[in-house]
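In this note's numbering, the protein residues as written are 1 to 131.
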Amino acid sequence: MNLKIKLSSVLVDDQEKAEKFYTEILGFKIKHDIPIGEYKWLTVVSHDDPDGTELLLEPNGMDFTQEYQKTIYEKGMPAMMLFVDDINEVYEELKKRGVKFTKEPTDVGMVIMAIFDDTCGNLIQMTQEKN
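1. The beta strand (DSSP E) that contains Phe116, what's its start and end?
2. Can you tell me which of the three DSSP states Leu3 falls into?
3. Leaving out the 5 sequence neighbours to the left and right, which residues in its chain are closer than 6 angstroms to Phe116 when beta-carbon positions are compared?
4. Please report the residue range of the beta strand (DSSP E) in which Glu38 lies.
5. Using C-beta distances below 8 angstroms, list every residue in its chain close to Lys17, excluding the 5 sequence neighbours before and after it, in chain order.
6. Ignore the nearest five residues each way along the sequence and tell me which others in Lys6's own chain have a CB closer than 8 angstroms to its CB.
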């Protein structure tokens with residue numbers, strides 16, 4: 001079998017706010033921005049891998065999605081994990097851009113991780129693999 005992940009999603013409470021955060025603060029670029037009713041098919045990709053995995057900024061417009069998002073946030077569970085080469089460098093840059101961290105870079109054995117709030121209802125884990 002040759003399964004590939006080409007698209008993943010993260011629930012967001014406001015697509016416009018999410019678009020701004022994920023592009024202007026995190027540095028992703030828009031891949032698709034297609035209106036669909038009151039929402040849109042809005043995906044972002046890494047600048048250095050524009051044909052790589054897309055992240056769908058999925059509106060949480062239903063009660064059960066809002067409850068799910070709220071519950072994992074309140075429990076401190078990250079909605080997804082992003083990988084970086086130098087966590088301390090990225091941590092300092094994101095702090096300068098106003099990103100609020102709930103966990104500073106911490107060595108947890110095989111990786112160093114930090115957690116931040118994406119302003120759209122999610123905690124995001126940032127991870128650096130250790131060599």
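From the three backbone atoms N, C-alpha and C, an ideal C-beta is built for every residue, glycine too.
By the coordinates alone:
1. For Phe116, the enclosing beta strand (DSSP E) has its first and last residue at 111-117.
2. In the three-state reduction of the DSSP assignment, Leu3 falls in the coil class.
3. Residues Val99, Phe101, Ile124 of the same chain have their beta carbon placed closer than 6 angstroms to that of Phe116, with the five preceding and five following residues left out of the count.
4. Neither: Glu38 is in no beta strand (DSSP E) and is coded neither H nor E.
5. In the same chain as Lys17, and ignoring 5 residues on each side of it, the C-beta atoms closer than 8 angstroms to its own belong to Thr119, Cys120, in chain order.
6. Only Thr53, Glu54 meet the Cβ criterion.
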